[in-house]
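Using this note's numbering, you'd call the opening residue of the sequence shown number 316 and step up by one each time. Glycine is no exception: its CB is placed at the ideal position from the N, C-alpha and C atoms. If you're wondering where the values come from, they're calculated on a predicted model, not measured in any experiment. To start, the structure under review is shown below, and the notes come after it.
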Amino acid sequence: MSEFSKPRIIYNLERTRVLSLQMIERVPHEQWFEMPTGVTHVAWHVGHMAIAGYFLGLLLVRGAHDGDEELIPSEYRDLFGYGSQVSGEAADYPSPPDLLSVLASVHEQTLTETRAMPDEVLDESVVFDDPQFDHHPIFDLKGGSLEWLAFHEHIHIGSIGLLRRELGAAPVEYLEESRAGTKFV
């Protein structure tokens with residue numbers, strides 16, 4: 316019996332993305348490149364979620380495929396990948412609509428491939444065929460990579476929420492919004 320549940324992984328990926336978009340959409344595009352603490356900005360987090368989604372949800376699970384460069388632009392690794400340096404220059408980055416488009420494309424491809432894979436694939440070892448990434452400290456199985464993808468995204472939801480507050484926005488009142496009829500689905 317596997318320790319992983321494909322329906323649960325898919326549920327967590329879908330629900331996490333709802334929360335991510337709820338937070339991301341609360342930051343006006345003109346503020347995406349502001350660095351209130353001098354460390355990072357919303358655009359970097361959105362791009363990082365896209366490249367991490369590709370690595371954790373696709374590359375480490377099934378390896379590289381022809382056509383991946385159409386899914387995730389090659390410059391995303393340098394701009395948003397592990398160890399990338401954040402620049403305060405908006406011109407150094409894709410636009411917010413482009414970032415959101417890539418984020419959505421990677422997410423949809425991950426869900427499509429995860430739904431299609433046989434359950435037993437979740438118990439296989441991760442594909443580590445990149446010299447920079449020869450292991451991961453949290454998981455070594457494909458199901459673990461997919462689970463970590465949702466957990467990792469939650470870290471960035473919190474970071475974007477903190478940036479929102481640093482940019483002067485009021486706290487998100489999820490319970491009040493829910494009581495007023497906002498649907499978080």
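Burial state of residue i (16 or more Cβ within 10 Å)
i: Ser317; result: exposed
i: Glu491; result: exposed
i: Tyr408; result: buried
i: Ala495; result: exposed
i: Phe499; result: exposed
i: Leu477; result: exposed
i: Ser460; result: buried
i: Pro412; result: exposed
i: Ser335; result: buried
Host alpha helix (DSSP H) of residue i (start-end)
i: Arg479; result: Lys457 to Glu481
i: Trp359; result: Val357 to Tyr369
i: Ile339; result: Lys321 to Ile339
i: Val417; result: Pro411 to Ala431
i: Ser493; result: Tyr489 to Arg494
i: Phe499; result: Note, Phe499: premise wrong, no alpha helix (DSSP H); not H, not E.
i: Tyr391; result: Glu390 to Phe395
i: Glu345; result: Where Glu345 is concerned, there is no enclosing alpha helix (DSSP H), given that its DSSP letter is neither H nor E.
i: Asp383; result: Asp383 to Leu386
Presumed contact (8 angstroms Cβ cut-off) between residue i and residue j, rounded CB distance
i: Ile325; j: Glu462; result: Not quite, the Cβ-Cβ distance comes to about 11 angstroms (not below 8 angstroms), so this is no contact.
i: Val421; j: Gly368; result: 4 angstroms
i: Glu428; j: Leu373; result: 7 angstroms
i: Val357; j: Ile475; result: 6 angstroms
i: Pro388; j: Val417; result: 7 angstroms
i: Glu340; j: Leu482; result: Not confirmed; about 14 angstroms, so no contact.
i: Gly362; j: Leu394; result: 6 angstroms
i: Lys321; j: Asp449; result: That pair is no contact at about 26 angstroms.
Chain-order list of residues whose beta-carbon lies under 8 angstroms from that of residue i (same chain, five-residue window excluded)
i: Glu329; result: Leu426
i: Asp383; result: Tyr369, Leu373 and Leu374
i: Pro486; result: Arg480
i: Ser440; result: Asp455, Leu456 and Lys457
i: Val342; result: Val357, Ile475, Leu478, Arg479, Leu482 and Ala484
Cutoff 7 angstroms; reference residue i; Cβ partners in own chain excluding five residues on either side
i: Thr331; result: Ala465, Glu468 and His469
i: Asp444; result: Gly378
i: Arg392; result: Ile366
i: Gln337; result: Phe499
i: Arg430; result: Ile325
6 angstroms CB neighbourhood of residue i in its chain, flanking five on each side removed
i: Gly458; result: Phe319 and Leu437
i: His471; result: His360 and Met364
i: Thr355; result: Val401
i: Ala405; result: Phe348
i: Glu390; result: none
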